Amino acid sequence: MELTTQIGGSVTDGLAYLGALTRLGVRAAYFTFVAPFQGKPLRLQRAVSQAMQTGVGALPILSLITFFIGLILALQSAYELRKFGALNFVASAVAISMTRELGPLITAIVVIGRSGSAFAAEIGTMKVTEEIDALETMAIDPIHFLVTPKFIAMIVMLPCLTIWANSMGILGGALFGVAQADFTWIRYIQSSLDALFLRDITTGLIKSVMFGVTITAVGCHEGLSTGAGAEQVGRSTTRAVVVSIFLVILVDLVFTALFFFLSEK
Amino acid sequence: MDQVNIAMTQSEAMISLRNLRVSYGDREILHGINFDVMRGETLVILGGSGSGKSTLLRTLVGLERPSSGEIWLKGKNIAAISSDEMDDIRKKIGMSFQGGALFGSMTVGENVALPLREHTKLEDSTIEIILRLKLDQVGLSGFENYMPSQLSGGMKKRAAVARALAMDPEILFFDEPSAGLDPIIAAGVDQLILELKQAFHMTIIVVTHELASAFLIADRMVLIDKGNVVAIGTTEEMRSSTHPRVRQFLDRIAEPAVSEELDYLQMLTEEHRHPGR
Chain X
2 MELTTQIGGS VTDGLAYLGA LTRLGVRAAY FTFVAPFQGK PLRLQRAVSQ
52 AMQTGVGALP ILSLITFFIG LILALQSAYE LRKFGALNFV ASAVAISMTR
102 ELGPLITAIV VIGRSGSAFA AEIGTMKVTE EIDALETMAI DPIHFLVTPK
152 FIAMIVMLPC LTIWANSMGI LGGALFGVAQ ADFTWIRYIQ SSLDALFLRD
202 ITTGLIKSVM FGVTITAVGC HEGLSTGAGA EQVGRSTTRA VVVSIFLVIL
252 VDLVFTALFF FLSEK
Chain Z
130 MDQVNIAMTQ SEAMISLRNL RVSYGDREIL HGINFDVMRG ETLVILGGSG
180 SGKSTLLRTL VGLERPSSGE IWLKGKNIAA ISSDEMDDIR KKIGMSFQGG
230 ALFGSMTVGE NVALPLREHT KLEDSTIEII LRLKLDQVGL SGFENYMPSQ
280 LSGGMKKRAA VARALAMDPE ILFFDEPSAG LDPIIAAGVD QLILELKQAF
330 HMTIIVVTHE LASAFLIADR MVLIDKGNVV AIGTTEEMRS STHPRVRQFL
380 DRIAEPAVSE ELDYLQMLTE EHRHPGR
């Protein structure tokens, strides 16, 4: 009996949390699509500088990580494929797993670490130092001023970063292909492209947009619900990272299942 | 008292509180506050830590919603208006926060200009002129390109006042203006408040527990204790008051060691600290 109450309690908490994220997303959408026509201009400048931080700033580390992931994928698939003397399938194995799954996912994880945590820390600190209150007393909506530019930046930058991550992953795989599987660079890239359908890339990009929405909503929500005191900022930041990773995986599962059943027909 | 209040309302009350109650969750912080703030006066809200004075200030600027009661501000009951209407009122009030609450990612100039850029369609050159004027008023000329982190505590407060003044507010709120400042810098901030009062005849509401500063700047004072108004009056009236709570606060008499509200846990730890008492 107690167990069911506990499960019930956590389910309600979880749903309430998702509700709060949705409200945040809906208000940001309102400020992006509706408010500009009501005389509340969009803060494109803030969105652009945010995009530079979350997008361009992530390139070096993301390139390195996804290059290694591509290389690891090639090694792991070659381990199985060489038993059948099918090493020439390494290119397609890497290309498909990068674009459909690992490109978007690894990008999301890197962005959670760099930007999701930063959103929570930035907004959380502003909450603690009364800057959020100051915005409100100046009749400036914190969602409009702080959160909306972050949503715009992430929705634009995450697919871009994912395309970049896909390419770097394929390049990592190519290093193995050229060194160990008698590919030339050109032929490896060619067989990667041949293996891919447009669908593989678009499903990955759709997922990455959803990841961007999730990461921003969680980071900003955790920041805005920071309590009093500096140690609370640390708590919100940690929670933002943990919850974002969990929700990104959950969103990934939902969309992968969705695409799987859609492609059956 | 009520009749006096009504008479005052007729002679231009800027803000009128009527039976204002504010709660956090189940806990009621303010238990029915009634008083008026007159146009052009400086009212100091005095009170100890946890008395509810900060909650009162937050409620007056619309950061907390009252659980019941009315707050009449410029002819509107802000306890019951829409957020759009509240935003219109907020453009006519300025608030200086305890720690300044300047935006760390913006320069002092950008901080002060922010409300102007957000709410007016003024040209950049005009905003520039207003910005210089406001910084000059608070004695920070030439600091527009500094980051808040490069300013001292007193300068941050001054910059925050400049930002609060940006929209030429009719009412200015101060939360603990001298908190965390050394006596000389704090006196400078008091001086600034006096100058603003003389120059603009602004309605100023200050929350503080610094007695010296309170008596210097106030026209009238309200003493809040445990969520109730204990006394309200001019500085002279307060000074000559015989109300025990007012006397205790003004004469800085410590709380008697055992009060009826002492909770059990505190009693236990006290015993632990002074065994055999």
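Quick mapping for you: the protein sequence lines, in order, are chains X and Z.
So the number in our numbering is just where the residue sits in the first sequence, counting from 1, plus 1.
So the number in our numbering is just where the residue sits in the second sequence, counting from 1, plus 129.
Virtual Cβ for every residue (Gly too), placed ideally from N, Cα, C.
Note that the structure is a prediction, hence the values are computed from the model and not measured.
Pick from Z/E239, Z/Y275 and Z/I210: whose alpha carbon is nearest that of Z/I258? Z/E239
Where the stretch 115 to 132 of chain X meets chain Z: residues whose CB sits under 9 angstroms from a CB there: E123, T126, M127, T130, E131 and E132
X/H222 (DSSP reduced to helix, strand or coil): helix
Taking Cβ positions only, does X/T149 come closer than 8 angstroms to chain Z? no
Check X/Y80 in the structure and name its three-state DSSP category. helix
Can you check DSSP and say which residues form a bridge with X/A96? Paired residues: none, contrary to the question.
Of the residues that make up the stretch 136 to 165 of chain X, which ones have a beta carbon closer than 7 angstroms to any beta carbon in chain Z? E137, T138, M139, A140 and I141
Please go through the stretch 135 to 181 of chain Z and give each complete alpha helix (DSSP H) segment of 4 or more residues, from N-terminal end onward. none
Quick check on Z/H248 - is its C-beta less than 8 angstroms from some C-beta in chain X? yes
May I ask you to report which of helix, strand or coil DSSP gives Z/M350? strand
Per DSSP, what kind of secondary structure is Z/S196 in: helix, strand or coil? coil
Own chain partners of Z/G191 with C-beta closer than 7 angstroms, once the 5 adjacent residues on each side are dropped: I207, M215 and R219
Rounded C-beta distance between Z/L301 and Z/V267? I'm assuming under 8 angstroms. About 12 angstroms; that fails the 8 angstroms criterion.
To the nearest angstrom, how far is the alpha carbon of Z/N134 from that of X/H145? Note that Z/N134 scores 46 on pLDDT, short of 50, meaning its location in the model is unreliable; the coordinates nonetheless yield the value given after this. Those two C-alpha atoms are separated by around 40 angstroms.
For Z/G228, go through chain X and note every residue whose CB falls closer than 7 angstroms to its CB, in chain order. T130 and E131
Since Z/W201 sits in a beta bridge, which residues does DSSP pair it with? Z/S145 and Z/N206
Buried or exposed: where does X/L65 fall if 16 or more other Cβ atoms within 10 Å of its Cβ makes it buried? exposed
Cα-Cα separation, X/A241 to X/G213: 13 angstroms
Taking X/K208 as the reference, give the member of X/P42, X/I73, X/N89 and X/A109 with the closest Cα. X/A109
In terms of residue numbering, what span does the beta strand (DSSP E) encompassing Z/V336 cover? T332 to T337
Would you grab the beta carbon distance between Z/A383 and Z/S370 for me? Rounded to a whole angstrom, and I think it's under 8 angstroms. The pair is not a contact, with the Cβ atoms about 19 angstroms apart (cut-off 8 angstroms).
Could you tell me if X/A17 is buried or exposed, where buried requires 16 or more neighbouring beta carbons within 10 angstroms of its beta carbon? exposed
X/V234 versus X/R115: straight-line alpha-carbon distance, rounded: 16 angstroms
From X/V91, X/P105 and X/F261, residue whose alpha carbon lies closest to that of X/I246: X/P105
Suppose the cutoff is 8 angstroms on Cβ atoms and the five residues either side in sequence are ignored; what does the same chain contact list for Z/S270 look like? R261 and L264
If Z/L325 sits next to Z/G282, beta carbons under 8 angstroms apart, how far is it from one beta carbon to the other, in whole angstroms? Contact flag wrong, Cβ pair sits at about 19 angstroms.
Would Z/L189 be called buried (16 or more neighbouring beta carbons within 10 Å of its own) or exposed? buried
Own chain, CB closer than 8 angstroms to Z/D304, minus 5 neighbours either side, in chain order: S183, L186, M224, S225, F226, Q227 and V336
Look at the alpha carbon of Z/K285 and the alpha carbon of X/T100, and state the distance between them as a whole number of angstroms. 50 angstroms
Express the C-alpha separation of Z/A288 and Z/P277 in angstroms, rounding to a whole number. 9 angstroms
Determine, for Z/F232, whether the minimum Cβ-Cβ distance to residues of chain X falls below 8 angstroms. yes
Locate the alpha helix (DSSP H) running through Z/L323, then write down its first and last residues. P312 to F329
Could you confirm whether any beta carbon from chain Z is found closer than 8 angstroms to the beta carbon of X/D201? no
Please compile the residues from chain Z whose C-beta is within a distance smaller than 9 angstroms of the C-beta of X/D134. R187, V190, L192, M224, F226 and A230
Under 6 angstroms Cβ to Cβ from Z/P298, same chain only, skipping five residues before and after it: list those, please. K221, I222 and G223
Would you tell me roughly how many angstroms separate the C-alpha atoms of X/A84 and X/S78, rounded to the nearest one? Just to set this straight, residue 84 of chain X is Lys in the shown sequence, not Ala. Looking at the two C-alpha atoms, the distance is approximately 10 angstroms.
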